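Here the structure is laid out as C-alpha cells; the discussion comes afterwards.
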Amino acid sequence: MKNTVLIWLAIGLASFILLPWHMTEDGLLEASWISDGVASTGLFASLSGQWWLAPAGLALMGALILHFTIPEPVKRARLMLATAIAGLALIALQGLIIVRAGPRVFESLLTSEIAMAGQPGMGAGAGICALALLFVATISISQSGKGQGDSFVVSTIGLIVALVAIFVFFPVIHILVRAFEVDGGYSLTEFFPRFFSSDIWGLGCLIGGRSCGVGINSLFLGVMTGAGTTLLGLSFALIFTRTDFRAKRLLRVLTVLPIITPPFVIGLALILLFGRAGTVTEFFADLLGWEQTRWLYGFWGIYFAQMLSFTPIAFLVLIGVVQGVSPSMEEASQTLDADRWQTFRFVSLPLMRPGLANAFLLGFIESLADFGNPLVLGGGYSVLSTEIYFAIVGAVADPAKAAILAIALLSLTLTAFMAQRIWLGKKSYATITGKADSGQNARLNPVLRVVCYATAIPWAALTVVVYSMIVFGSFVKLWGYNHSFTFDHYIRAFGIDFTNGRFSGVAWDSYFTTLTISSVAAPLTALVGLSTAYLLVRQKFVGKDAFEFSTMLSFAIPGTVIGVSYIMAFNFPPIELTGTSIILIIVFVFRNMPVGVRGGIAAMSQLDKSLDEASITLGANSFTTVRRVILPLMGPAILAALTYSFVRAITSVSAVIFLVSAKHNMATSFIVGRVENGEFGIAIAYSAVLIITMLAAILILQLLVGTRRLRRSDRIQKPA
Numbered sequence: 026m027k028n029t030v031l032i033w034l035a036i037g038l039a040s041f042i043l044l045p046w047h048m049t050e051d052g053l054l055e056a057s058w059i060s061d062g063v064a065s066t067g068l069f070a071s072l073s074g075q076w077w078l079a080p081a082g083l084a085l086m087g088a089l090i091l092h093f094t095i096p097e098p099v100k101r102a103r104l105m106l107a108t109a110i111a112g113l114a115l116i117a118l119q120g121l122i123i124v125r126a127g128p129r130v131f132e133s134l135l136t137s138e139i140a141m142a143g144q145p146g147m148g149a150g151a152g153i154c155a156l157a158l159l160f161v162a163t164i165s166i167s168q169s170g171k172g173q174g175d176s177f178v179v180s181t182i183g184l185i186v187a188l189v190a191i192f193v194f195f196p197v198i199h200i201l202v203r204a205f206e207v208d209g210g211y212s213l214t215e216f217f218p219r220f221f222s223s224d225i226w227g228l229g230c231l232i233g234g235r236s237c238g239v240g241i242n243s244l245f246l247g248v249m250t251g252a253g254t255t256l257l258g259l260s261f262a263l264i265f266t267r268t269d270f271r272a273k274r275l276l277r278v279l280t281v282l283p284i285i286t287p288p289f290v291i292g293l294a295l296i297l298l299f300g301r302a303g304t305v306t307e308f309f310a311d312l313l314g315w316e317q318t319r320w321l322y323g324f325w326g327i328y329f330a331q332m333l334s335f336t337p338i339a340f341l342v343l344i345g346v347v348q349g350v351s352p353s354m355e356e357a358s359q360t361l362d363a364d365r366w367q368t369f370r371f372v373s374l375p376l377m378r379p380g381l382a383n384a385f386l387l388g389f390i391e392s393l394a395d396f397g398n399p400l401v402l403g404g405g406y407s408v409l410s411t412e413i414y415f416a417i418v419g420a421v422a423d424p425a426k427a428a429i430l431a432i433a434l435l436s437l438t439l440t441a442f443m444a445q446r447i448w449l450g451k452k453s454y455a456t457i458t459g460k461a462d463s464g465q466n467a468r469l470n471p472v473l474r475v476v477c478y479a480t481a482i483p484w485a486a487l488t489v490v491v492y493s494m495i496v497f498g499s500f501v502k503l504w505g506y507n508h509s510f511t512f513d514h515y516i517r518a519f520g521i522d523f524t525n526g527r528f529s530g531v532a533w534d535s536y537f538t539t540l541t542i543s544s545v546a547a548p549l550t551a552l553v554g555l556s557t558a559y560l561l562v563r564q565k566f567v568g569k570d571a572f573e574f575s576t577m578l579s580f581a582i583p584g585t586v587i588g589v590s591y592i593m594a595f596n597f598p599p600i601e602l603t604g605t606s607i608i609l610i611i612v613f614v615f616r617n618m619p620v621g622v623r624g625g626i627a628a629m630s631q632l633d634k635s636l637d638e639a640s641i642t643l644g645a646n647s648f649t650t651v652r653r654v655i656l657p658l659m660g661p662a663i664l665a666a667l668t669y670s671f672v673r674a675i676t677s678v679s680a681v682i683f684l685v686s687a688k689h690n691m692a693t694s695f696i697v698g699r700v701e702n703g704e705f706g707i708a709i710a711y712s713a714v715l716i717i718t719m720l721a722a723i724l725i726l727q728l729l730v731g732t733r734r735l736r737r738s739d740r741i742q743k744p745a
C-alpha cells in the first residue's frame, strides 16, 4: 500500500506540473489562460496569479513529505488523510467560487484583476489531481485500520461515492431545488400544498370522480408493469432452464428485440396494428362485426407497450438467478417425496426471490420513468413522466412544477425500494458454493410448463408480428398509406458513393458517433454497476442503505429531467462538459448503471461468502478474489449489464435530446428529427439498421463473455 500511495502522489504532482488545469472550447487537454491566451498548467497558473490553485499542489507535496517523515503508520495515515481531504475540499471550493464571470462570493478577498476576470471549467490537470488526492485519502483510511485494512475495497467505495455525488446528486440537486422556488425566493411552506395536491395524489377515479392524480396513475401502471414483466420474464427464464424447448435460441433473440428498438417505433407499430384503423383491428371488425375503438390510447395501450418493452429487462435479470438454483437442493426435495410442483414452490421459487425482487423493482422504475410510450399512446391517461416533460418543454415552461413532480416520482421509487428490502429481509439465498454440484435441475411440472408456454410463446409470436411490421415499413414508400416497394429510404440514409469513395447517406455521421459512444459507455457502465453490486452484497460500511438507494436515483428520474439537470450543472464551471462526447458517455454510464447494480446484486446473492473466504485464506487479496473467483461466476449479470447499457446508449432519447450537438449527434435524435419532419420511411429504415447492429453486438458480447459453468453439465431431469 505504501508503494500505491507513492504512485498516486507522483501521478498527482505530475498532472499539477505538466497538464493544463482549465478546459475551454478547444478540448479537454487544451487549456488557455483566459486573459492572455497562454497555455497554463496548475503550477504555471498558480505562479502567474491564480494563487487559489496552489493548495492542490501543496496538498500533494505535503502528503509526500508526511509519507517520508512520519515513521508511525497509523499517525502517518491520519495526517495524510486530513491533508488529502483538505486538498479535495479546496479544489472543489476554488472551482465553485470563481466561475467565468468572476467570484461568486468573497469578492472583497478576490479583488485582483485576474480573479475578477474569472476562470473556465476544470481540465485534465484538475481532474487527475483530484483523483490522486481521492485515492491517497482512501488508502490512508485503510492504513489507519478502517475497512479491515483492505485498500481495494475502501478505494472502490470512495471512487463510486465520489462519482455518484458528482454525476448523480450534483446535477439532480440543480433541478430539485426548483421545487421550493416561489417568486424568485425559496419557501418550504409553499412546497407541501403543491406536492400533496389532488392533481398528483387525487383518488377521484376510485370514488366516482373523473380521474385520479398523475401520481396514482403512475403508481398503478408501475405496479402492473413490474408484476407483469417479472412474471413474463420468469416464464421465459424457466423455459430456458427447466424445459427441452427446441427453439431456445430463436426465443432468446425474440426476448431481447424490444430493448434494442429505437424510440417511438414500437408505439408506431402498435398503432398500425391495433389502432382504430390498424390492420388487426380492421380484420376482427370485418370478421366479427366488432366496433372499431380507440382502446389502444390510454392505460391499456401504455401497459401493453411497456410490457413489450420492459419484459427483456426482467428476463436478463432472472435468467442468471434461475440458472443459479442448485440442482442438489431440488433433488433433496424430491428425495423427501416432494413432487415437482412442491419442489418448485417451496425450494426453487424462494431461492429466486432476489431476482424476482430486483426484476420487479426495475420494471416498476422503468414504467415510472418511461415517457415515450405514454407520449405516443397515453391519450387521456396522464402520468408523472409526461407531465414532467410538458412542464419542461411545453409552451409555458414551469421548472418548479417539473421539480415537484420529479420529487413525487422519487417518493414512489423510494417506497418500492424499501418494500423490496423488507420483502427480501436478511435471509440467505446463496446456492453456489465451492462444493461440486453435478445434479440435475428439476423439470417443471406439467401444469406450470403449460402455463409458461401459454404465456411466453404467444408473446414471442406477437413480437415477431410487431417486428415484421417494422421491417415491412422500411421497404414501403409511406408506412400505413402507400405500400409500394422501394429501397429509397435505405439509399438516402446509408448510401455509399463508390466513385468518390465516401459515405453519402445522411445517417452515417450519427451512426458512427452513436456506435463509438455506446462502445465506450457500455463497459464503463458494467464496471461501475457490478463494482457497486459487489460492495453492497459483500461489504459493510456506514451509510450502505442510503448509498444503495442513491445508485437508483438517476434511473428513477425521467430522462428528460436528467438531460436538463446535466445542462444546468455542467454548462458552467467548475465542470463544463456541454457539447462534448464526454457528457454523453457520462449520462449513459450513470443513467444505466442501476441495471448492472440490480442484476449484480441478484446474481451475487447466490454466491456463498465461503468462496471469498477460501480465496483470501489462500493468500489472495480482494482484487484477486474478485477477478479470479467472483467474476467467472457472474457471467449472466455481466452480459446483462453490457447488453443493456450498450443498447440503451443507442436507443435512449429522453436523456440525450438536450445534450446532443452538431458535432456529436446521436441516432435517436436523428430519428426523432425525421419523425417530426414526417419522414417515417428513413426513421424506420434507420431503426431497422440499428436493430441488426445491436443484434450482432449482442451475439459478439455473448461470445466474449462466454457461458457460466456452475457444474460439469447443466442437465434437466428426463421425463419419468
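For the sequence shown, my numbering assigns the number 26 to the initial residue and increments by one for each residue that follows. Backbone N, C-alpha and C define an ideal beta-carbon position, used for all residues, glycine too. All figures in this text were calculated on a predicted structure; none of them were measured in a lab.
Would you mind reading off the limits of the beta strand (DSSP E) that contains residue i?
| i | result |
| --- | --- |
| residue 507 | 507-510 |
Output the boundary residues of the alpha helix (DSSP H) element that contains residue i.
| i | result |
| --- | --- |
| residue 569 | 569-575 |
| residue 501 | Looking at the DSSP string, residue 501 is not in any alpha helix (DSSP H); the run it does join, the beta strand (DSSP E), is 501-503. |
| residue 237 | Element bounds for residue 237: n/a, residue is neither H nor E. |
| residue 383 | 378-394 |
| residue 307 | 304-313 |
| residue 228 | First-last for residue 228: undefined, no H or E at that position. |
| residue 348 | 324-349 |
| residue 151 | 149-168 |
| residue 22 | Absent from the structure is residue 22, since the part of the chain shown begins at 26 and ends at 745. |
| residue 68 | 67-72 |
| residue 513 | 513-519 |
For residue i versus residue j, is the C-beta distance shorter than 7 Å?
| i | j | result |
| --- | --- | --- |
| residue 17 | residue 339 | Residue 17 cannot be examined here, being either before or after the span of the chain that is shown, 26 to 745. |
| residue 350 | residue 380 | no |
| residue 222 | residue 229 | no |
| residue 147 | residue 599 | yes |
| residue 724 | residue 667 | no |
| residue 157 | residue 112 | no |
| residue 619 | residue 577 | yes |
| residue 30 | residue 161 | yes |
| residue 358 | residue 347 | no |
| residue 305 | residue 298 | yes |
| residue 68 | residue 41 | yes |
| residue 145 | residue 591 | no |
Among residues of its own chain, excluding the 5 on either side of residue i, which ones have a beta-carbon nearer than 6 Å to its beta-carbon?
| i | result |
| --- | --- |
| residue 60 | Residue confidence for residue 60 is low, a pLDDT of 38 falling below 50, so the modelled location carries little weight; the figure read from the coordinates is stated next. Hits under 6 Å: 142. |
| residue 54 | Its pLDDT being 43, under 50, residue 54 is placed unreliably by the model, and nothing is read from it. |
Once the 5 residues before and after residue i are set aside, which same chain residues still bring their CB inside 8 Å of it?
| i | result |
| --- | --- |
| residue 481 | 257, 260, 261, 264 and 276 |
Go ahead and label residue i buried or exposed: buried means 16 or more other beta carbons lie within 10 angstroms of its beta carbon, across all protein chains shown.
| i | result |
| --- | --- |
| residue 443 | exposed |
| residue 508 | exposed |
| residue 211 | exposed |
| residue 123 | buried |
| residue 313 | exposed |
| residue 717 | exposed |
| residue 28 | exposed |
| residue 614 | buried |
| residue 366 | exposed |
| residue 616 | buried |
| residue 728 | exposed |
Cα-Cα, which of the options is closest to residue i?
| i | options | result |
| --- | --- | --- |
| residue 584 | 213, 281, 600 and 680 | 680 |
| residue 286 | 106, 377, 672 and 728 | 672 |
| residue 683 | 513, 587 and 424 | 587 |
| residue 649 | 199, 178 and 404 | 178 |
| residue 118 | 151, 136, 106 and 91 | 151 |
| residue 293 | 706, 725 and 727 | 706 |
| residue 595 | 175, 120, 269 and 93 | 120 |
| residue 167 | 99, 188 and 186 | 99 |
| residue 519 | 692, 243 and 76 | 692 |
| residue 430 | 611, 412, 232 and 376 | 412 |
| residue 79 | 114, 302 and 612 | 114 |
| residue 248 | 710, 488, 407 and 328 | 328 |
| residue 65 | 76, 74 and 45 | 45 |
| residue 698 | 715, 714 and 678 | 678 |
| residue 483 | 280, 714 and 610 | 280 |
For residue i, collect the residues of the same chain with a Cβ closer than 7 Å to its Cβ; drop the 5 residues on either side in sequence, then sort them by chain order.
| i | result |
| --- | --- |
| residue 331 | 250, 392, 395 and 398 |
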